[in-house]
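A short write-up of the structure that comes next.
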Amino acid sequence: MSAPALELDAITKRFGAVTALDGAAITVQAGTVHALLGENGAGKSTLMRIAFGMLVPDAGAVRVNGAARRFASARDAIAAGLGMVHQHFSLVPALTVAENVALGGHGRFDRALIANRVRELGDATGLVLDPGAAVSTLPVSAQQRLEILKALARNARILILDEPTAVLAPAEARDLLQWVKRWATGDHAAVLITHHLRDALSIADDVTVLRRGRTVLTRAADGLDESTLVMAMLGEPLSQGTDERARETLAGSTVLALHAARVVDARGVQRLAPTTCAVRAGEIVGVAGVEGSGQAELLRLLAGRLSPTSGSVTVPPSVGFVPADRHRDAVVLDMPLVENLALKDAASAPPWMPWRQLRGETSELLAHFDVRASGADAEMRSLSGGNQQKFVLARELTGAPTALVVENPTRGLDIRAAESVRSRLRAARNSGLAVVMYTEDLDEVLALADRVLVVHAGEVTEPALDRDAVGRAMLGAR
Amino acid sequence: MNTSALRDVSVVAALTMFALLLLTIILAATGHDVGDALTALARGSVGSWDALLSGTLVRATPLLIAGLAITLAFRAGVLNIGAEGQLLMGAAAATALGLAWHGPAWLTVGGLLLAGALAGGCWAAVAATLRLRFGVLEVISTLMLNFVAQYLLGWLVRGPMQEPTRIYPQSATLDTVARLPIVIPGSRLHAGFLLGIVLAVALAILLRRTAAGFRIRLVGANPVAAVSAGRVDAAVVAFGAFIASGALAGFAGAVEVSGVTFALYENLSPGYGFSAIAVALLARLNPLGVIGTAVLFGALEAGAVSMQRDAAVPSVVVNVVEAVLILLVVATDRWRAQRLTAQAGT
Chain A
1 MSAPALELDA
11 ITKRFGAVTA
21 LDGAAITVQA
31 GTVHALLGEN
41 GAGKSTLMRI
51 AFGMLVPDAG
61 AVRVNGAARR
71 FASARDAIAA
81 GLGMVHQHFS
91 LVPALTVAEN
101 VALGGHGRFD
111 RALIANRVRE
121 LGDATGLVLD
131 PGAAVSTLPV
141 SAQQRLEILK
151 ALARNARILI
161 LDEPTAVLAP
171 AEARDLLQWV
181 KRWATGDHAA
191 VLITHHLRDA
201 LSIADDVTVL
211 RRGRTVLTRA
221 ADGLDESTLV
231 MAMLGEPLSQ
241 GTDERARETL
251 AGSTVLALHA
261 ARVVDARGVQ
271 RLAPTTCAVR
281 AGEIVGVAGV
291 EGSGQAELLR
301 LLAGRLSPTS
311 GSVTVPPSVG
321 FVPADRHRDA
331 VVLDMPLVEN
341 LALKDAASAP
351 PWMPWRQLRG
361 ETSELLAHFD
371 VRASGADAEM
381 RSLSGGNQQK
391 FVLARELTGA
401 PTALVVENPT
411 RGLDIRAAES
421 VRSRLRAARN
431 SGLAVVMYTE
441 DLDEVLALAD
451 RVLVVHAGEV
461 TEPALDRDAV
471 GRAMLGAR
Chain B
479 MNTSALRDVS
489 VVAALTMFAL
499 LLLTIILAAT
509 GHDVGDALTA
519 LARGSVGSWD
529 ALLSGTLVRA
539 TPLLIAGLAI
549 TLAFRAGVLN
559 IGAEGQLLMG
569 AAAATALGLA
579 WHGPAWLTVG
589 GLLLAGALAG
599 GCWAAVAATL
609 RLRFGVLEVI
619 STLMLNFVAQ
629 YLLGWLVRGP
639 MQEPTRIYPQ
649 SATLDTVARL
659 PIVIPGSRLH
669 AGFLLGIVLA
679 VALAILLRRT
689 AAGFRIRLVG
699 ANPVAAVSAG
709 RVDAAVVAFG
719 AFIASGALAG
729 FAGAVEVSGV
739 TFALYENLSP
749 GYGFSAIAVA
759 LLARLNPLGV
769 IGTAVLFGAL
779 EAGAVSMQRD
789 AAVPSVVVNV
799 VEAVLILLVV
809 ATDRWRAQRL
819 TAQAGT
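Residue numbers (this note's numbering), protein chains in the order written: chain A, 1 to 478; chain B, 479 to 824.
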């Protein structure tokens, strides 16, 4: 066998007092897809940032095709044939596909040349995109393809994909993974950072698991099962929250209601057709729909964060809301946790802020919801994504809300954090809250929801609670 | 809190040392006698009680109050670049009132300062309304309104407000009852400096302890979350902070007239409203820090005058130092935020 495409050996990386990686290793063979698993904070992203030259390791070696490398920057790594697609897109929405591909290149910008390159790559790889289309007009799945195309345009032979399916609908995610599998042959190789064990097992040739900065498992995917991986990731079996309540239990009185509520956006486009629905106390109503089909508007109406263009809504003042984009909509990264807690009632706070009391409440909340932070005065920015999400959910559950609206509550969380969020949602439902939950993970909807509403092109339907019926409704089939 | 304040102070102190080092290099590179120049700089700023009180602190006063105006606006996410114009309008209104009407000293001075704040607030309200109603970027509107204010002032001191002999482009001189009292006899240090310190403390308390101040900080740090998670009316909060900022800048203008110039001049302000931006940024938008940075800038500018006079060094080199300081502060802030994010991972 020839030298591995990418080899990271005994990598150690410290940030201040924190050891992010402690002798971690991964070996990616050419012609394979390699899944990199681990909980949040296990060091997956850090390890791959080192491979991609964004971070310099304190110790350890990076080898590409057998040759030792010391990357000083991502530019060096790109020159060595690496490409990385980050979880958060790095595209310029106002520019075209071709311009985004050209960005970061050298020499003169030649529109025709770049457009040709985009078409060529499309033909060669199957990632077909219109070079002249503005990125802002592209659906999320096409933007994801563009991110990959950008790396391939720089002749990447080793692709690192950080949670590439997180923003995609199930069918799109499947297509993308199949593409990765097809692409990673010959001298190509792909590293897939993921939380989805099923993805890892279905397409990866090899699997490496990190736990607390160390490589705890690395072997061929054949013969591995989910429970072995979970054991490796957590160091212990997952204690699954059980659904203590039978599905048939009757829900209580109506808490949230829409009456022929219709939403038209600023450009006059109808985002949500006139919708009438109700959510009762003690039930979880799942919302399913492909990104952009109107589910965001439906959720914001139910959360009282949006006024309908016509029709009316009945929403009590105390609705907890956990939006998908927490950095933009839910937290202030530069503020300490205590101020992020106070954010919730900022509009109705007493004239003098009771900081001492709020600090106590914050510490209590951190302990009660198992949010890992150094204390009430820690900046939100210093928390990991999973802990930020737990914090937001905890905050929205304080103050005895009567309803809770959550949007993609487990996106980007590791399995343990995700399970803890799910059990909180169940507990909220069981304590009599009306819960509305949108998630792009269909299995999650089916596992948690008592009823499901499907949004397709602005139309809301209520199919039976089974995978097939919901899947058809998401595609608009009756 | 205390440790972070201490760290901020030590960072600024270190940066200031760096800036002075840079000044030394510039002076040496341009062929000046470094020793002479720095001696003159020190003599003019902190070399004597008189230099400190009548030079440094008197110059620091408008920088302090206008710096607080900038701090308040920037904290609310309002990029008010128009403190200069608001300050000039405040000065004009204060002078007009002081010339037209006299009461008891305290009432006259009080009324005059209030008139200045009112005028500054109104001047800011123009840009604030444009932003609220039509989404006009305040960076553009306030900058433009500075020119309008400057030329309006030029017309006032040549037209309706010109002194009785109609010779000089300035107003008549204010009566002594309209002047701010001198704090330390024998110096030129007037009560405006103390008012500035009181305002700094008040603004610090507003931002840190009150709900209104918290909302201002929220809107400045993340307006989307303030609306979505906090249900704060971000537009109204920003509007209010904008006008209050203008009022503070107008107050600074009134203090300058009532404490230093006693009359309205065309070049009443050597760009206090612009230097105030630097003062506020260097203090990292911390109101109490503004006291320190305003005194620092006051010292630099007072020292620059004597450096020009005694060592023939153009006073603009001080502006170079000020600018470098700002760039350093902004860069260290960015660096710190990035490091925190990197540590948190994804």
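We put the beta carbon where it would ideally sit given N, CA and C, even for glycine. None of the values given here were measured: they were computed from a predicted structure.
- Taking a contact to require three or more Cβ pairs closer than 8 Å, the segment 390-397 of chain A and the segment 345-361 of chain A do not qualify as touching.
- Taking 8 Å as the Cβ-Cβ cut-off, the segment 697-727 of chain B approaches chain A at Ala699, Asn700, Val702, Ala703, Ala704, Ser706, Ala707, Gly708, Arg709, Val710 and Asp711, given in chain order.
- Here glutamine 270(A) carries a strand assignment [DSSP, helix/strand/coil].
- Shown here, phenylalanine 89(A) sits in coil according to DSSP, grouped into three states, outside any helix or strand.
- Of the candidates Val56(A), Ala220(A), Leu6(A) and Gly31(A), Val56(A) places its Cα closest to the Cα of alanine 20(A).
- When the alpha-carbon of threonine 508(B) is set against those of Ser784(B), Leu566(B), Glu800(B) and Pro792(B), the nearest one is in Pro792(B).
- Chain B has a Cβ within less than 8 Å of the Cβ of arginine 305(A).
- Short of 6 Å from the beta carbon of phenylalanine 71(A), and not among the five residues preceding or following it, lie these beta carbons of its own chain, in chain order: Gly53 and Ala77.
- In this structure leucine 299(A) is in contact with glutamate 407(A), their Cβ atoms being roughly 5 Å apart against a cut-off of 8 Å.
- When Cβ-Cβ separations below 8 Å define contact, alanine 597(B) makes no contact with chain A.
- The Cβ of methionine 84(A) sits no closer than 8 Å to any Cβ of chain B.
- Assignment of phenylalanine 740(B) by DSSP, reduced to helix, strand and coil, places it in the coil class.
- Alanine 449(A): not part of any alpha helix (DSSP H); DSSP gives it neither H nor E.
- Taking C-beta separations shorter than 6 Å and ignoring five residues to either side along the sequence, the partners of alanine 756(B) in its chain run Glu800 and Ile804, following chain order.
- When Ala220(A), Ala80(A), Ile160(A) and Leu425(A) are compared, the shortest CA-CA separation from histidine 86(A) is found for Ile160(A).
- Annotation for glutamate 99(A): no beta strand (DSSP E) segment contains it, though the alpha helix (DSSP H) segment containing it runs 97-102.
- The beta carbons of valine 626(B) and leucine 742(B) sit no closer together than 8 Å.
- Residues of chain B with a Cβ closer than 8 Å to the Cβ of proline 164(A) do not exist; the shortest Cβ-Cβ separation is about 14 Å.
- Taking 8 Å as the cut-off, the beta carbon of isoleucine 721(B) is found closer than this to the beta carbon of alanine 606(B).
- The beta carbon of alanine 189(A) is closer than 8 Å to those of Ala5, Leu6, Val28, Gln29, Ala30, Gly31, Thr32, Val33, His34, Arg157, Ile158 and Leu159 in its chain, skipping five residues each way along the sequence.
- In terms of beta-carbon proximity, arginine 611(B) stays away from the interface with chain A, with every pair separated by 8 Å or more.
- For the segment 321-345 of chain A, the set of residues with a beta-carbon nearer than 8 Å to any beta-carbon of chain B comprises Phe321, Pro323, Arg328, Asp329, Ala330, Val331, Val332, Leu333, Asp334, Met335, Glu339, Ala342, Leu343, Lys344 and Asp345, in chain order.
- Distance check between threonine 539(B) and each of Arg657(B), Leu499(B), Leu673(B) and Pro642(B) places Leu673(B) closest, using alpha-carbon atoms only.
- When the five nearest sequence neighbours on each side are left out, the beta carbons in the same chain lying within less than 6 Å of the beta carbon of threonine 620(B) are those of Asn558, Ile559, Gly560 and Ala605, in order along the chain.
- Across the segment 670-695 of chain B, CB contacts with chain A closer than 7 Å involve Arg687, Thr688, Ala689, Phe692 and Arg693, in sequence order along the chain.
- The alpha-carbon of aspartate 443(A) is positioned some 23 Å away from that of serine 431(A).
- DSSP lists Leu258(A) as the beta-bridge partner residues of cysteine 277(A).
- The contact set of methionine 353(A) on chain B, defined by CB atoms closer than 9 Å, consists of Arg686, Arg687, Thr688, Ala689, Gly691 and Phe692 in chain order.
- Straight-line spacing of the CA atoms in valine 435(A) and aspartate 175(A) works out to 32 Å.
- Around the beta carbon of proline 642(B), fewer than 16 other beta carbons sit within 10 angstroms, so the residue counts as exposed.
- Taken in chain order, the unbroken stretches of alpha helix (DSSP H) that lie wholly in the segment 201-240 of chain A and span 4 residues or more are 226-234.
- Ranked by Cα distance from proline 336(A), the options Leu36(A), Leu366(A) and Thr185(A) are led by Leu366(A).
- Contact check for glycine 545(B) against threonine 771(B) passes: the beta carbons are separated by less than 8 Å.
- Residue contact check for arginine 381(A) against chain B: a CB pair falls below 8 Å.
- The DSSP-derived three-state label of isoleucine 559(B) is coil.
- Neighbourhood of alanine 347(A) in chain B, by CB distance below 8 Å: Arg693, Gly708, Arg709, Val710 and Asp711, in chain order.
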